[in-house]
Each structure stands twice: as C-alpha cells, then as structure tokens.
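J.: From first to last, the protein sequence lines stand for chains A and B. Each residue of the first sequence is one higher than the one before, counting from 1 in UniProt numbering. Each residue of the second sequence is one higher than the one before, counting from 1 in UniProt numbering. Ideal Cβ positions, reconstructed from N, Cα and C, are used throughout, including at glycine. Supplied in structure tokens, the structure appears directly below.
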Amino acid sequence: MAKIRTRTFFRKGVWEENPVFRQILGICSALAVTNLMTNTLIMGLGLIFVTAMSSATVSALRKITPERTRMMVQVLIIASYVMMVDIFLKAYLPDISEALGPYVGLIITNCIIMGRCEGFARNNPVWPAFLDGVASGVGYALVLLVIATVRELLGFGTLFGMHVMPSGWVPWTIMIMAPAGFFMLALFIWVAYELEYKKTQPSHGDK
Amino acid sequence: MKGRLFSTLYMFLLSLVFTSVVSGLNVIHQDRIRLNEERKRQALVLHVLNITLEPHATDQDVSRTFSRRVRAATLGDRPLYVGLDADASTVVGYAFPVSGPGFWGPIEAMVAVDPQGQRILGIAFYRHSETPGLGGRITENWFQRQFQGRPLDMPAAGMRFFYFKPPGTASGPSELDAITGATETTKRLEKFLDEELKKTIPLLLEQKKLQRV
C-alpha cells in the first residue's frame, strides 16, 4: 500500500503534475541557474531539501496552526530552511555558494514550496507530506538538469565542468545567457506535451 | 479575542524557535564562513602580487605563505597589502582593492602595483554580476593579464589611465583590448578603474614618501 502511494507521489511530482513544465512554477530560477550543471544540481538538491522539510513541518503543525496565520507560518518555516541551506553552502561549498549568488535566498519565493504547503501539506499527515515535497523537488531538479545539460554542452562545451566537445568547438554564447533558458524551457514543454499527447492518443481513438 | 491572542502567541513562539535554530546554526558556522572568505582573499592577494604557490597548494599553504610574505597596512579608508620577497625583507609590490559600478551590479577587483608605484603587477576581478560569456569574461586570464606591466604615470588632465579598444586595434601602453559584445561593462570598467587609480596611486606615493608603508 505504502509503496504504491510512494510511486504515485513520484509519478505526479516528476511527470503528471511536474511543477516546472506542467504548472509553470519556479521558472525564475529555472532560467537563471541552468547554464552550469554543477550549480543546477546543488540548486535542485537545495530545493528538494527545503520543499520536503517545509512540507513535513507545515504538516506536523497543521492541527495547532490557526487558520488565519497559516501563510505567515509557512513563510517563516520556508525562510528558515532556506537560510539553513544558505549557511551550509557558504560554510562547506563556498565556490558554489558564490556562483549561485542571490538565487539560494530566492528559493524562499519559489512558488513550488508554498504551493505544496498550501495544496497538500496542510491537510495531510507528515510522511505523505514529506514524500510529496521530495517528489515535487525531484520533478523540479530533473527538468532543470535536462535544460542545464543542453545549455552547458552547447554554451561551454563541457558537462559538470569537464570538456566533452571536440577542441575546435565554438561555444554558443547565447546558450549561457537568459534567452536560451526561455528557448530551452519552451522546447522542453513542447517535447513533454508531445510525448504525453502520443501516449493518450489511442485512448481518444477508443472513444 | 481569545483566538487572536493565541494566534499572536503562537506566531511569536514559532518565530522564536525558528530564528533561534537558524541563528544557532549561523553562530556555529560563522568561523568557518569567515575563514573561507579570508582564504579566498589571501589567495587573491598572493595571485595579483605574482607570489606563486606550488600547484595543489592547500588552504593551509595559502595562509602560511600569506602570513610570511604579506604585511597588512591601510591606504586611506581601504586595506593595503604589502608584498615582501622570500626573505620578508624587501617590498615586491602593493595590493589594494578597487570597486565600482558595472553593468548589472558592482564590480570588485584587487590591483597590485610595483614597489615604486609605477607599473601594474596584476589585477583580478573577483566579484561581479556581469553577463556570463560577455561582461563576465573580465575574469578570464587573457583579459586580466593584459594589465600586467602597464605604466601608471599620472595621465594628463582630461585623460584616463586606460582606454579599451576593439580587440586587435589597441596600441600604446594605455590601450587595452576590450571584450567584444560587452560594451557597457567595458565603459563602466574604464571609468571606475580610472577614478579609483587616480584616488589611490597619489595616496600610495605620498604614504611611501612619508615612509608609512
């Protein structure tokens, strides 16, 4: 039973209700940090941590939190976890912390986290809320990593900082800049919807 | 009324708990964070002063070399790092930070000049928010290296220390290659470098004359 539910959470978070390409949430950071895979991975892990922990905490406090203060409570909880991530990065991964710059702090305003708190965690027990948070975070991180792979490969000729393109490769500067983030995200959404459309097509025929 | 009181109290307590946890974590890690920043600065100062470290130098190596070969002083309101030779007896150069507005945000750099304050030893741009791949290329080696050995004679009135020219057309000691496609970054860099050097170089020479550094 529990296993099936875990799978449902992940199917929804990663594909069916993927925050980035289904709900178009958290786009700002998706465009900003996806030109290098290392940064994207750290950002994704940070978001998974914050979403999962915030959801679990909001869920744990759901019975005693007064209805009218719940948004304040959620923001407080989210901000606290984000600051923890920020401190951790500054202490142990100073180079990445510098590269991500303001975007770690901006996780606070990422709609995915508050969306999961409001939409799921405040009405569900702690463990499902935690899993739901992890699943949404993973959905976000995976989309970002796919976009980052293309952008880093074409923009720098590297993957995770290692050279993979032939030495004569001329980097596509546009890929490193924000507009390429828009193009890549749009292409990604297009491809994802196309796949989904193909999958559901036969059932349309049945009707 | 009762509900309102509870809400207030609840919010107060919750804020107290969470801010305490975050502050606690911050205090625990503060030293480590400060050390990270300190080490970065030390490596940067050694780098612009052309004090080379062995490849694969650890953080401890950097700190040790820094404490042996660099003496801290001040230049007006900014720090001044006096680079010394291997015996720690002769001055090999002076390093100081400069900063100014870039295109998207402030740019911070460390500049090193020779003991006479007449030539640039090195420059490193270490904090900026310029466009990656365009203005962001100010951190690339070829760009920073072209400052090395440039004379620092005070320019005539209305003139600047350095001018950025389209790549390949720079000639003479005061002209440098600009970055293609980064017009705004280049313009601002040209302006603030000039302003900062006009402020700091005379100050450095004066301090040297008074034998304060």
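I'd like to know whether the C-beta of A/K12 is nearer than 8 Å to at least one C-beta of chain B.
T.: no
J.: Are A/V85 and A/V104 closer than 8 Å when you measure CB to CB?
T.: yes
J.: Going by DSSP in three states, B/I107 sits in which element: helix, strand or coil?
T.: Strand, per DSSP.
J.: Out of B/L80, B/P167, B/I138, which one is the CA nearest neighbour of B/R188?
T.: B/I138
J.: Is the beta carbon of B/F66 closer than 8 Å to that of B/P79?
T.: no
J.: Residues in its own chain within less than 7 Å of A/I108 by CB, not counting five upstream and five downstream?
T.: I78, A79, V82
J.: In its own chain, which residues sit with a C-beta less than 7 Å from the C-beta of A/N110, not counting the 5 before and 5 after it?
T.: G26, S29, L47
J.: Please classify A/G119: does DSSP put it in a helix, a strand, or coil?
T.: Here A/G119 sits in helix by DSSP.
J.: Per DSSP, what kind of secondary structure is B/S174 in: helix, strand or coil?
T.: coil
J.: Quick one: measure Cβ to Cβ for A/L145 and A/G13, integer angstroms, because I've assumed they're closer than 8 Å.
T.: That pair is no contact at about 15 Å.
J.: Can you list, in chain order, the stretches of the alpha helix (DSSP H) that have 4 or more residues and sit fully within the UniProt domain "FMN-binding" (102-200) of chain B?
T.: Assignment of alpha helix (DSSP H) within the UniProt domain "FMN-binding" (102-200) of chain B, counting only whole runs of 4 or more residues, yields 141-145 in chain order.
J.: Buried or exposed for B/R69, please, with buried defined as at least 16 other CB atoms from any protein chain shown within 10 angstroms of its CB.
T.: buried
J.: DSSP three-state label for B/S99, please.
T.: strand
J.: Just how far apart, CA to CA, sit B/D153 and A/Y92?
T.: 44 Å
J.: Answer yes if the stretch 183-203 of chain A comes into contact with the stretch 47-58 of chain A, meaning at least three C-beta pairs across the two stretches below 8 Å, and no otherwise.
T.: no
J.: Taking DSSP as the reference, what is the three-state secondary structure of B/R78?
T.: strand
J.: In this structure, how does DSSP classify B/T90 when only helix, strand and coil are distinguished?
T.: coil
J.: Find out if the Cβ-Cβ distance for the pair B/P151, B/P173 is shorter than 8 Å.
T.: yes
J.: Of all the CB atoms in chain A, is at least one closer than 8 Å to the CB of B/F103?
T.: no
J.: Using 10 angstroms around the beta-carbon of B/R4, count the other beta-carbons present and answer buried if the total reaches 16, otherwise exposed.
T.: Within a 10 Å sphere around the beta-carbon of B/R4 sit fewer than 16 other beta-carbons, which makes this residue exposed.
J.: Could you say which of A/W15, A/T158, A/I176, A/Y140 lies nearest to A/W169 if we only look at CA atoms?
T.: The shortest Cα separation from A/W169 among A/W15, A/T158, A/I176, A/Y140 belongs to A/T158.
J.: Compare the C-beta of B/N36 against all C-beta atoms of chain A and say whether one is closer than 8 Å.
T.: It does; some Cβ of chain A falls within 8 Å.
J.: Quick one: which chain B residues come within Cβ less than 7 Å of A/R68?
T.: S7
J.: Under the three-state reduction of DSSP, which class applies to A/T57: helix, strand or coil?
T.: helix
J.: Where does A/P102 land, buried or exposed, given buried means 16+ other C-beta within 10 angstroms?
T.: exposed
J.: Out of curiosity, what's the CA-to-CA distance linking A/P179 and B/T58?
T.: 39 Å
J.: Just to make sure I have the definition right: I need the residues of chain A whose C-beta is within less than 8 Å of the C-beta of B/G133. Which are they?
T.: G155, P171, T173, I176, M177
J.: Give me the Cα-Cα distance between B/L205 and A/M37, rounded to the nearest whole angstrom.
T.: B/L205 and A/M37: Cα-Cα distance of roughly 47 Å.
J.: Would you mind working out which of B/F6, B/Q146, B/T185 sits nearest B/A170, comparing C-alpha positions?
T.: B/Q146
J.: Quick one: is B/V22 near chain A, going by C-beta distance under 8 Å?
T.: yes
J.: Roughly how many whole angstroms lie between the Cα atoms of A/M1 and A/R7?
T.: Low confidence applies here, because A/M1 scores a pLDDT of 45, under 50, leaving its location unreliable and the question unanswered by this model.
J.: For chain A, is any of its Cβ atoms less than 8 Å away from the one on B/F143?
T.: no
J.: Helix or strand or just coil, what does DSSP make of A/M177?
T.: coil
J.: Answer with buried or exposed for residue 209 of chain A, where buried requires no fewer than 16 other C-beta atoms within 10 angstroms of its C-beta.
T.: Here chain A has residues from 1 to 207 only, and residue 209 of chain A is not among them.
J.: Mind checking B/I179: buried by the 16 CB within 10 Å criterion, or exposed?
T.: buried
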